[in-house]
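Colleague: Next up is a structure, given as structure tokens.
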Amino acid sequence: MAHRIAVLGASGYTGAELVRLIALHPNMEITALSGERKAGMSMAEVFPHLRHLDLPRLTRIEEIDFAQVDLCFCALPHKTSQEVIRDLPAGLKIIDLSADFRLRDPKEYRKWYGNPHAALDQQEEAVYGLTEFYREEIRAARLVAGTGCNAATGQYALRPLISAGVIGLDRIILDLKCGVSGAGRSLRENLLHAELSEGYNAYAVGGTHRHLGEFDQEFSALAGREVRVQFTPHLVPANRGILATVYVEGAAEAIHDAFRAAYADEPFLQVLPLGETPSTHHVRGSNFVHVGVVGDRIEGRAIVIVALDNLTKGSSGQALQNANLMLGEKETEALMMPPLFP
Numbered sequence: 001m002a003h004r005i006a007v008l009g010a011s012g013y014t015g016a017e018l019v020r021l022i023a024l025h026p027n028m029e030i031t032a033l034s035g036e037r038k039a040g041m042s043m044a045e046v047f048p049h050l051r052h053l054d055l056p057r058l059t060r061i062e063e064i065d066f067a068q069v070d071l072c073f074c075a076l077p078h079k080t081s082q083e084v085i086r087d088l089p090a091g092l093k094i095i096d097l098s099a100d101f102r103l104r105d106p107k108e109y110r111k112w113y114g115n116p117h118a119a120l121d122q123q124e125e126a127v128y129g130l131t132e133f134y135r136e137e138i139r140a141a142r143l144v145a146g147t148g149c150n151a152a153t154g155q156y157a158l159r160p161l162i163s164a165g166v167i168g169l170d171r172i173i174l175d176l177k178c179g180v181s182g183a184g185r186s187l188r189e190n191l192l193h194a195e196l197s198e199g200y201n202a203y204a205v206g207g208t209h210r211h212l213g214e215f216d217q218e219f220s221a222l223a224g225r226e227v228r229v230q231f232t233p234h235l236v237p238a239n240r241g242i243l244a245t246v247y248v249e250g251a252a253e254a255i256h257d258a259f260r261a262a263y264a265d266e267p268f269l270q271v272l273p274l275g276e277t278p279s280t281h282h283v284r285g286s287n288f289v290h291v292g293v294v295g296d297r298i299e300g301r302a303i304v305i306v307a308l309d310n311l312t313k314g315s316s317g318q319a320l321q322n323a324n325l326m327l328g329e330k331e332t333e334a335l336m337m338p339p340l341f342p
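Residue numbers for the sequence shown follow UniProt numbering, so the first one is 1 and each next one is one higher.
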């Protein structure tokens, strides 16, 4: 019998991406979809590209019978998500795509998100959802906290290098570009076509981006000491994709070897030949991550470039990958579709 799936927040970009991916899964059936402002509408009305699918109508969360759900994806905004998850049935498997359960320390959550955590019991049991590095914990988890898309990209670029001890830890520079869908579907003046197209801009400059909380938590735990990266994100006039360029101290050959060793058996992590660099065009609409390494002209320094699709591997694809583990399915099920090109 198919696993019964609910998607909360199905009227947003990550919710729609979840529906697109789950539609390919032979052992999952979507039985409930919520969209508070679009309750009563069909998914075909909200997302015409999904009109070929036989889906339930969007409803309000309180109208869903969770006794008829095996796993729930929660694609709601932060703060809202914790308040909803706190009241869901205790035995329900949940994957949260918001920021609400990513940070283990409640003080750090308050620091980065500006409000006290409202679901501390659930926060304590949550497992961080970066699949390749928390696979066994995710398999046994009830609640999984999906990573930030920027945070996932930066960690794919740096975790193997920190673990292998092949880079310096005090002068890591992470320069990242993200497509506009990473900002969500809400109407904002700076995301209007006339405001965004034909240019790109840095934001959260100087260490204010919230995903720094994830970098601090994860990199410091790996290194056994405090690690603080210098991180500047940029918004680019593209619908999808993240490209991270990371400047590190270390030998390019040793860095490349560390990636090949760490990702040799990972189905979605593709390490390019030394000297080649990836493009967001080559991962678009897929769950793949491309990693490139190039030596710098300055001796002892190297450049790591990582590309992924922020809606798929950075969010909804990662969530489905985790759901496969939690439900005893093949980890790659419904996720091996090739990228879209051009």
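Virtual Cβ for every residue (Gly too), placed ideally from N, Cα, C.
Identify, in the order they occur along the chain, each residue of the same chain with its Cβ nearer than 6 Å to the Cβ of L33, setting aside the five sequence neighbours on each side.
Modeller: V7, A10, P56, L58.
Colleague: For K177, which residues does DSSP report across the bridge?
Modeller: DSSP output for K177 lists H234, L243 as bridge partner(s).
Colleague: For the alpha helix (DSSP H) containing T80, name the first residue and the last one.
Modeller: 80 to 86 is the extent of the alpha helix (DSSP H) around T80.
Colleague: Taking the alpha-carbon of Y128 as reference, which of A119, A152, A264 has the nearest alpha-carbon?
Modeller: Comparing Cα-Cα distances from Y128 to each of A119, A152, A264, the minimum goes to A152.
Colleague: Got a sec, what are the start and stop residues for the alpha helix (DSSP H) V166 sits in?
Modeller: Run containing V166: none; DSSP gives neither H nor E here.
Colleague: Which residue marks the beginning of the alpha helix (DSSP H) containing Q122, and which one marks its end?
Modeller: From DSSP, the alpha helix (DSSP H) with Q122 extends over 120 to 125.
Colleague: When the distance is taken between beta carbons, is R102 closer than 9 Å to G250?
Modeller: Not closer than 9 Å, so no.
Colleague: Figure out for me which residue from E29, I22, V19 has the closest Cα to the Cα of M1.
Modeller: For M1, the nearest C-alpha among the options comes from E29.
Colleague: In the structure shown, what three-state DSSP assignment does T208 receive?
Modeller: Reduced to three states, the DSSP call for T208 is coil.
Colleague: Starting from K93, follow the alpha helix (DSSP H) in both directions and report where the run begins and ends.
Modeller: Taken as a continuous stretch (DSSP letters only), K93 belongs to no alpha helix (DSSP H), being part of the beta strand (DSSP E) at 93 to 96.
Colleague: Specify, as a first and last residue, the run of the alpha helix (DSSP H) that E136 falls within.
Modeller: From DSSP, the alpha helix (DSSP H) with E136 extends over 135 to 139.
Colleague: Would V248 pass as a contact of I172 if the rule is Cβ separation under 9 Å?
Modeller: Against a cut-off of 9 Å, the Cβ pair of I172 and V248 comes out as a contact.
Colleague: Figure out for me which residue from N27, H117, T280, L325 has the closest Cα to the Cα of K79.
Modeller: Answer by Cα proximity: H117.
Colleague: In whole angstroms, give me the CA-to-CA distance for V306 and G292.
Modeller: When rounded, the distance between both Cα atoms is 6 Å.
Colleague: Go ahead and pull the three-state DSSP assignment for residue 366.
Modeller: The chain is shown from 1 up to 342; residue 366 falls before or after that span and cannot be answered.
Colleague: Apart from the five residues on each side of it in sequence, which residues of its chain come closer than 6 Å, Cβ to Cβ, to V144?
Modeller: I95, V127, G129, I138, N322.
Colleague: Out of C178, V166, H290, G146, which one is the CA nearest neighbour of R301?
Modeller: It is V166.
Colleague: Between the C-alpha atoms of P279 and L243, what's the straight-line distance to the nearest angstrom?
Modeller: The displayed chain sequence assigns Ser, not Pro, to residue 279. Cα to Cα, the separation comes out at about 7 Å.
Colleague: Report the rounded CA-to-CA distance for V304 versus E125, giving the unit in angstroms.
Modeller: V304 and E125: Cα-Cα distance of roughly 34 Å.
Colleague: What three-state label does DSSP hand F46 in the structure shown?
Modeller: Just to set this straight, residue 46 is Val in the shown sequence, not Phe. The answer is helix: DSSP assigns V46 an H, G or I state.
Colleague: May I have the straight-line CA-CA distance separating S197 from E136, to the nearest angstrom?
Modeller: For S197 and E136, the distance between alpha carbons rounds to 43 Å.
Colleague: Span of the alpha helix (DSSP H) holding Q318?
Modeller: 317 to 326 is the span of the alpha helix (DSSP H), which, as asked, contains Q318.
Colleague: Cβ atoms of I22 and C72: under 9 Å apart, would you say?
Modeller: No, they are not a contact pair.
Colleague: Of the residues H193, H52, V19, E62, which one's Cα is nearest the Cα of residue 345?
Modeller: Residue 345 lies beyond the stretch modelled for the chain, which goes from 1 to 342, so this question has no answer here.
Colleague: Residues in its own chain within less than 7 Å of G275 by CB, not counting five upstream and five downstream?
Modeller: Within the same chain, G275 has close Cβ partners V294.
Colleague: Using three-state DSSP, classify residue 365 as helix, strand or coil.
Modeller: With the chain covering 1 to 342 only, the question about residue 365 has no answer from this structure.
Colleague: Considering E29, what are the terminal residues of the beta strand (DSSP E) in which it resides?
Modeller: 28 to 34 is the span of the beta strand (DSSP E), which, as asked, contains E29.
Colleague: Jot down the residue ranges of each uninterrupted beta strand (DSSP E) in the stretch 268 to 313, minimum 3 residues, whole runs only, in chain order.
Modeller: Listed in chain order, they are 269 to 271, 289 to 295, 301 to 308.
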